[in-house]
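Numbered as in the working numbering, the first sequence ends at 434 without a single skipped number.
Note that beta-carbon positions come from the ideal geometry of N, C-alpha and C, so glycine has one too.
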Amino acid sequence: MPELPEVETIVRGLAGVLPGRVIREVHFPDSKLATGCLGCAEVLPGRSLAGVQRHGKYIRFLLDDGSSLVAHLRMTGKFVFTGPLAPQNPARHLRMVLVFTDGSLLSFMDMRRFGTIRHVSPGETPPELRDLGPDPLQKEMTLPRFRAILGKSRTAVKVLLLDQRRISGVGNIYACESLFRAGIDPRRPADSLTSDEGARLLRELRGILREAIRHNGTTISDFRSVDDKTGEFQYWLRVYDREGEPCRVCGERIERIRQAQRSTSFCPHCQV
DNA sequence: CTTAACGCCTGAAGGC
DNA sequence: TGCCTTCAGGCGTTAA
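Here's what the structure looks like:
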C-alpha cells in the first residue's frame with residue numbers, strides 16, 4: 163500500500179529516466195483504466211515527458227504541451243520502467259503501457275484495479291490535487307499549522323492523519339507508526355492533544371517519513387520501486403502488522419482495533 | 001460545514 | 001483436496 167515514502171521512491175526513480183522521452187504508442191490492456199484515462203490514446207502519442215512530481219500520494223507526469231497525467235496507485239498499482247534493451251517479460255495485471263520512440267517502456271500494473279490515471283488539459287486544475295492538504299515534509303506544514311489542523315477536529319487522531327484534505331501523504335502504516343513513536347493513543351480525539359503532543363507527533367511523522375524514503379519505502383505486500391526492487395523499511399516497523407507480538411519497548415502485546423473501517427495497531431502500554 | 005459508512009477489486013489465508 | 005468466507009485498504013461517493 164504505497165504511501166508518501168513509497169510514492170516518493172517511485173517518483174525519484176521515474177524522474178531519473180523519463181524526462182525527454184517521446185511517447186510513440188499507448189496501450190490499455192484493461193478497459194476500465196482506458197475508460198478512466200479518457201482521451202489518452204489519442205492525445206499522448208507524440209508528446210514528450212518534461213518531469214515527474216509527487217503531490218501527496220498522487221503522481222503527476224508533466225508533458226511538453228502543458229498537459230499532464232495524474233495517477234494514483236491506490237493499493238496495488240505499480241509503475242515499472244524498462245529500458246530499450248531489457249528483456250520483455252510478460253507482466254501480470256498489466257493495465258497501461260507507454261511505448262517510447264527508443265523502444266523503452268513505462269508499464270502500469272495493478273492487481274486490484276483500484277489505481278487511476280487521468281489526463282489533465284493545459285491550464286486545468288485537477289480537483290484531486292487542489293483539495294490536498296500539505297504533506298508533513300513540506301515547509302507549509304509548520305508546527306502552528308499542524309496544531310491548528312489537530313485542534314479543529316474531534317475525530318480520533320489516527321483517522322485525522324489519514325484525511326488527505328487536511329494532511330496528505332500519510333496512510334495506515336505511517337499513521338500507526340508515528341503515533342507509536344510519539345506515545346499517543348490513536349483513539350484520542352485530535353483536539354485533545356496538548357501542544358507538546360502535537361509537536362512530538364509532527365516530529366515523529368517527519369522523522370519516520372524521511373527514514374522510510376532513505377530505505378526506499380516499505381514493502382508490506384508487493385510494493386516495488388521503478389526498477390522492480392522491494393523497499394527495506396518493513397524491518398523498522400514497530401507496531402504495524404504485529405498484533406499479539408511483544409512491544410519492542412515494553413514487552414506488552416501489540417493490540418489491533420478497527421477505526422473508520424481500517425485496522426489500527428498500537429501498544430496499549432506505551433501509547434496514552 | 002463535519003463526520004461516518006459503503007463500494008470498488010482480487011488474491012491470500014483460514015475454516016470446515 | 002476444495003469450496004466458501006473473510007480480510008486487506010485509499011479514496012470517491014453517498015448519507016446523516
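Cβ-based neighbour list, A422, same chain, cut-off 6 Å, excluding 5 preceding and 5 following: Position 260 of the first sequence, counting from 1, holds the residue named residue 422. Excluding positions up to five away in sequence, the list reads V321.
Backbone secondary structure at I329 - three-state DSSP: Locating residue 329 in the first sequence gives position 167, where the first residue counts as 1. Three-state DSSP puts I329 in coil, outside helix and strand.
Distance CB(L399)-CB(E339) smaller than 8 Å: As a first step, residue 399 is located in the first sequence; it is residue number 237 there, counting from the start. As a first step, residue 339 is located in the first sequence; it is residue number 177 there, counting from the start. Going by C-beta atoms, L399 is nearer than 8 Å to E339.
Range covered by the beta strand (DSSP E) that runs through G198: Working through the first sequence from its first residue, we reach residue 198 at position 36. Premise fails: G198 lies in the alpha helix (DSSP H), S193 to G198, not in any beta strand (DSSP E).
Secondary structure, alpha helix (DSSP H): runs of 4+ residues fully inside the region 306-376: Those alpha helix (DSSP H) runs which fall completely within the region 306-376 and span 4+ residues are 319-323, 334-344 and 357-376.
Buried/exposed call for R254, threshold 16 Cβ in 10 Å: For the purposes of this step, residue 254 is identified with residue 92 of the first sequence, where counting begins at 1. Exposed, since its Cβ has fewer than 16 Cβ neighbours within 10 Å.
According to DSSP, residues forming a beta bridge with D272: Here the question's residue 272 lines up with position 110 in the first sequence. According to DSSP, which records beta bridges pairwise, D272 is partnered with G239.
Reduced DSSP category for T278 - H, G, I as helix; E, B as strand; rest coil: The residue given as residue 278 occupies position 116 in the first sequence. T278: strand per DSSP, three-state reduction.
CB contact flag (R327, K194, <8 Å): Residue mapping note: residue 327 aligns to position 165 of the first sequence, counting from 1. Residue mapping note: residue 194 aligns to position 32 of the first sequence, counting from 1. Going by C-beta atoms, R327 is not nearer than 8 Å to K194.
F241 versus V401, A352 and P164, residue with shortest Cα-Cα distance: Here residue 241 refers to the residue found at position 79 when the first sequence is read from its first residue. F241 has its Cα closest to that of P164, out of V401, A352 and P164.
Bridge partner(s) assigned by DSSP for F223: The residue you call residue 223 lines up with position 61 of the first sequence. In DSSP, F223 forms a bridge with V214 and L231.
Own chain residues within Cβ distance below 6 Å of I311, not counting five before or after: Here residue 311 refers to the residue found at position 149 of the first sequence. Correct list, in chain order: R328.
Backbone CA spacing between L364 and V282 [nearest angstrom]: Along the first sequence, one-based indexing puts residue 364 at 202. Along the first sequence, one-based indexing puts residue 282 at 120. Using only the alpha carbons, I get a separation of about 33 Å.
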